[in-house]
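A.B. asks: Using this note's numbering, read the sequence shown as starting at 264 and increasing by one per residue. From the three backbone atoms N, C-alpha and C, an ideal C-beta is built for every residue, glycine too. There's a structure below that I have some questions on.
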Amino acid sequence: VLTLSQVEAIQIMILVFILLMFASPLSADIQDAAVEELLLDHELQRNDLQRNDSLHSLSIMAAMMLRIVLRVRKYFLPWLAAGSAVSVLISNRVTTPNIVFNILST
Numbered sequence: 264v265l266t267l268s269q270v271e272a273i274q275i276m277i278l279v280f281i282l283l284m285f286a287s288p289l290s291a292d293i294q295d296a297a298v299e300e301l302l303l304d305h306e307l308q309r310n311d312l313q314r315n316d317s318l319h320s321l322s323i324m325a326a327m328m329l330r331i332v333l334r335v336r337k338y339f340l341p342w343l344a345a346g347s348a349v350s351v352l353i354s355n356r357v358t359t360p361n362i363v364f365n366i367l368s369t
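Next up, the structure:
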């Protein structure tokens with residue numbers, strides 16, 4: 264069991280610094296997914312006026328699948344990445360090289 268008394272202050276600072284570096288690409292990906300979803304909504308509204316009935320149902324199905332993928336990217340992927348990073352961190356001894364190497368490997 265890991266306790267706070269076993270962790271040194273420098274290790275906590277390194278962990279926070281590396282986690283902030285790890286969060287930056289994830290936040291950019293979340294923003295990209297939100298922008299792509301807005302673009303999808305805009306195109307669907309614009310093309311709804313010029314719809315072709317034979318392809319309309321297929322394009323609606325494709326848009327719904329794309330919306331599901333974008334929402335997975337936006338809501339679930341950051342939690343999965345954070346969970347994998349935390350599981351790697353708590354599975355080993357808490358030393359500065361282990362923290363750095365485990366974060367960089369995920």
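Run through the stretch 266-346 for me and flag every whole alpha helix (DSSP H) of 4 or more residues, listed as ranges in chain order.
C.D. replies: 272-311, 316-334
A.B. asks: Roughly how many whole angstroms lie between the Cα atoms of R309 and L343?
C.D. replies: 35 Å
A.B. asks: Out of I323, A286, A325, A297, which has the shortest C-alpha to C-alpha gap to L367?
C.D. replies: A286
A.B. asks: One question on the structure: do A296 and L321 come within less than 8 Å of each other, judged by their Cβ atoms?
C.D. replies: At least 8 Å separates the beta-carbon of A296 from that of L321.
A.B. asks: Should L303 be listed as close to the ligand FAD, given that the test is whether its C-beta is under 7 Å from any heavy atom?
C.D. replies: As far as ligands go, the structure on display features none, and thus does not contain the ligand FAD.
A.B. asks: Quick one: what's got a C-beta closer than 8 Å to L329's C-beta in the same chain, skipping five residues either side?
C.D. replies: Within the same chain, L329 has close Cβ partners L303.
A.B. asks: When the distance is taken between beta carbons, is I281 closer than 8 Å to I362?
C.D. replies: yes
A.B. asks: Rounded to whole angstroms, how far is the Cβ of T359 from the Cβ of I275, which I believe are closer than 8 Å?
C.D. replies: Contact between T359 and I275 fails: their C-beta atoms lie close to 10 Å from each other, not under 8 Å.
A.B. asks: If I measure Cβ to Cβ from L235 and keep anything under 7 Å in the same chain, skipping five residues before and after, which residues do I get?
C.D. replies: Any property of residue 235 remains undetermined from this structure, which presents the chain solely from 264 to 369.
A.B. asks: Kindly indicate which three-state DSSP category T359 falls into: helix, strand or coil?
C.D. replies: Here T359 sits in helix by DSSP.
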